[in-house]
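All remarks here apply to the structure that follows.
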Ligand SMILES: Cc1ncc(COP(=O)(O)O)c(C=O)c1O
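Numbering (this note's numbering), first residue to last: 2 to 382.
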């Protein structure tokens, strides 16, 4: 039997409604926003439903400010590369960033001379005052991974936005969207980048970006939008400005269904369930000799359901192989595309073994994983 504890990579299983929505969309001729025949209009309605449901997840009042992309990596790049940053412009980011922001920022630094500064965590957490203290007159953007995909530490995104004032904040919600209540974010966030295939329970190849009214991002591509076809100039209105080319209709139909599932269950209930599993896992593994939790420990609620560990005498990759081979447990080992975070957490370059719980995991999954760790730690060379 497989025990899937790699929900930080992608969530599994997807609700049956998601599978059915993808199947139904693929079974219809679907070219949304283009032709005027009935199936094309039905496809447009599917995209509209996805936009409406995502707007509800984040409490966004104008859903035309949400554009769909292939994943959060693409959305983050759209803002980082599309803001027109110049040599000498200052950008702040947290230290627990994923390569999806670290690499585009490093590229701007090397190729254009953008001044990228990293805010280090204090005792594993980022603090609003540390961001505030670094804001300068030329700070053009603050980039924040809301929850670390390595340590699980949750950052106080709303408080950080309050502390930085009018400087726009770009949120990487890869590890939070769908996993906790976020229905006030539309009131204060400037850019919300999300991915569809993790907590929102949709298919891979889906994601999107919310751009607050009044902020402009130059689109990375221009092309067919189904609107203003008489003009060679790419439209400048949302969402068409940021959605050149035919949409991933069946993927977005699945994302609409995934978001609807989350809204029906309630993000607060998802959060409660995942935190119960996480806290119980932390309790069960806390006494295992030779095991260290990298990140928030027992009782700490400023976290998401991702728990990284290292065990004396085990490389994280050997541990992952044994967990799969001997116990059927699927997890992820290594650097998790976040070398910067590991440098600040002291686990670079060895990495960690990462367990991540999702809405469909059970207390029995947690007990089995904790028992497996206990047995493997005892057998360490
Ligand atoms: C914090 C964080 N940001 C960005 C990403 C990239 O997600 P995607 O591959 O869906 O673009 C991930 C995925 O692992 C992540 O955990």
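Where a beta carbon is used, it is the ideal one built from N, C-alpha and C, also for glycine.
Taking C-beta atoms as the reference points, residue 33 and residue 40 fail to come closer than 7 Å. Annotated as proximal: residue 286 and residue 292, with beta-carbon spacing under 7 Å.
Assignment of residue 208 by DSSP, reduced to helix, strand and coil, places it in the strand class. Counting C-beta pairs with one atom in each stretch, the segment 252 to 259 and the segment 78 to 88 have fewer than three that are closer than 8 Å, which means they do not touch.
Judged by DSSP secondary structure, residue 117 falls within the beta strand (DSSP E) whose first and last residues are 116 to 120.
Counting every other CB atom within 10 Å of its CB across the protein chains shown gives residue 120 a total of 16 or more, marking it as buried.
Where residue 25 is concerned, the enclosing alpha helix (DSSP H) starts and stops at 17 to 27. The straight-line gap separating the alpha-carbon atoms of residue 70 and residue 149 is approximately 22 Å. By the neighbour-count definition (other C-beta atoms within 10 Å, threshold 16), residue 265 is an exposed residue. Rounded to whole angstroms, the gap between the alpha carbons of residue 45 and residue 129 is 41 Å. Rounded to whole angstroms, the gap between the alpha carbons of residue 305 and residue 280 is 10 Å. For residue 167, the three-state secondary structure derived from DSSP is coil. Here the distance from the Cβ of residue 207 to the nearest heavy atom of ligand 1 is not below 6 Å.
The segment 216 to 223 makes contact with the segment 65 to 85, as at least three CB pairs between them are under 8 Å. Counted as a single uninterrupted DSSP element, the alpha helix (DSSP H) harbouring residue 253 occupies residues 250 to 266. DSSP places residue 379 in the uninterrupted alpha helix (DSSP H) bounded by 364 to 379. Taking the CA atoms as reference points, residue 28 sits about 17 Å from residue 256.
For the pair residue 48 and residue 67, the CB atoms are not nearer than the 7 Å cut-off. With 16 or more neighbouring CB atoms inside 10 Å of its own CB, residue 173 falls in the buried class. Contact between residue 229 and residue 236 is confirmed by a C-beta separation of about 5 Å, below the 8 Å threshold. Inter-residue distance for residue 326 and residue 164 is about 48 Å (C-alpha atoms, whole angstroms). Taking C-beta atoms under 8 Å as the contact rule, residue 144 and residue 98 qualify, at a distance of about 7 Å. Comparing alpha-carbon positions, the option among 367, 24 and 205 lying closest to residue 275 turns out to be 367.
Within a 10 Å sphere around the beta-carbon of residue 124 sit fewer than 16 other beta-carbons, which makes this residue exposed.
Looking only at 16, 213, 160 and 288, the smallest Cα-Cα distance to residue 263 is reached by 16.
Closer than 6 Å to some heavy atom of ligand 1: that does not describe the Cβ of residue 368.
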